[in-house]
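Add 3 to a position in the sequence shown, counting from 1, and you land on the number used in our numbering.
Below: one structure, written as structure tokens.
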Amino acid sequence: MPHAHHSHHHDAKGFVREVAHVSEERGLRLTPLRMEVLELVAAAAKPVKAYDLLDQLREKHGNAAPPTVYRALDFLLEQGFIHKLESINAFVSCHHPAEAHQVPFLICDVCSGAEEVCDERVAELIEAQAKALGFRAQAQTLEVHGVCKRCRKP
Numbered sequence: 004m005p006h007a008h009h010s011h012h013h014d015a016k017g018f019v020r021e022v023a024h025v026s027e028e029r030g031l032r033l034t035p036l037r038m039e040v041l042e043l044v045a046a047a048a049k050p051v052k053a054y055d056l057l058d059q060l061r062e063k064h065g066n067a068a069p070p071t072v073y074r075a076l077d078f079l080l081e082q083g084f085i086h087k088l089e090s091i092n093a094f095v096s097c098h099h100p101a102e103a104h105q106v107p108f109l110i111c112d113v114c115s116g117a118e119e120v121c122d123e124r125v126a127e128l129i130e131a132q133a134k135a136l137g138f139r140a141q142a143q144t145l146e147v148h149g150v151c152k153r154c155r156k157p
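The structure is reproduced here in structure tokens:
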């Protein structure tokens, strides 16, 4: 669906239910820690950094170790349930956890908000250009920085 923009204030509980369903269909183990990390990323109003997740988990459990959190994040990334925004080193939940896709993100440099642009034409164009140049793309996350509508208002 072209021109759809999604801010990351979507239904966190519904998203977690969808991921649980997809995991079951794929025969994946959504361990309690993976589920908790997923819930924290989904509930965050904006992209969340790994150490913030770690702090939140430590508040609840007292002894969450960084490697276990990173393993949970890696699992969620590999399955396409979350996206990593490399330029700001933060994580956001994915709007289409059931399908593999590449999406551009619009990242506000003022409030750190991120909008997922759900328009497959962008990914298709990059894929076509890569193919024309004989390049086989492995991963694609397009991150566009600027200032969002809310932050631009005088």
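C-beta: ideal position from N, C-alpha, C; glycine also.
Requested in this report: Please go through the same chain and pick out, in chain order, the residues whose beta-carbon is closer than 6 Å to the beta-carbon of ALA126, but skip the five residues on each side of it.
Outcome: Taking C-beta separations shorter than 6 Å and ignoring five residues to either side along the sequence, the partners of ALA126 in its chain run GLN105, following chain order.
Query raised in the report: Would THR144 pass as a contact of HIS99 if the rule is Cβ separation under 8 Å?
Result: No Cβ-Cβ contact shorter than 8 Å links THR144 with HIS99.
Query raised in the report: So is PHE138 buried or exposed if we call it buried at 16+ other beta carbons inside 10 Å?
Result: Residue environment: PHE138 is assigned as exposed (fewer than 16 neighbouring CB atoms within 10 Å of its CB, all protein chains considered).
Report task. Going by DSSP, name the residue or residues bridged to ILE110. Result -> ALA117 and HIS148.
Query raised in the report: What whole-angstrom Cβ distance do VAL147 and PHE108 have, given they're in contact under 8 Å?
Result: The C-beta separation of VAL147 from PHE108 comes to about 7 Å, placing the pair in contact by the 8 Å criterion.
Query raised in the report: At which residue ranges does the stretch 26-57 contain complete alpha helix (DSSP H) runs of 4 or more residues, listed in the order of the chain?
Result: Entirely contained in the stretch 26-57, the alpha helix (DSSP H) runs reaching 4 residues are, in chain order, 35-46.
**Report entry** Rounded straight-line distance, which links the Cα of ALA53 to that of TYR73
**Finding:** Their Cα atoms are separated by approximately 7 Å.
Query raised in the report: Buried or exposed: where does GLY116 fall if 16 or more other Cβ atoms within 10 Å of its Cβ makes it buried?
Result: By the neighbour-count rule (16 or more Cβ atoms within 10 Å), GLY116 is buried.
Requested in this report: In the DSSP assignment, find the alpha helix (DSSP H) that holds ALA75 and state where it starts and stops.
Outcome: From DSSP, the alpha helix (DSSP H) with ALA75 extends over 69-81.
Query raised in the report: Going by other Cβ atoms of all chains shown within 10 Å of its Cβ, with 16 needed for buried, is CYS97 buried or exposed?
Result: Under this definition CYS97 is a buried residue.
**Report entry** Minimum C-alpha distance to VAL25 - residue among GLU102, HIS64 and THR34
**Finding:** Considering only GLU102, HIS64 and THR34, the residue with the shortest C-alpha distance to VAL25 is GLU102.
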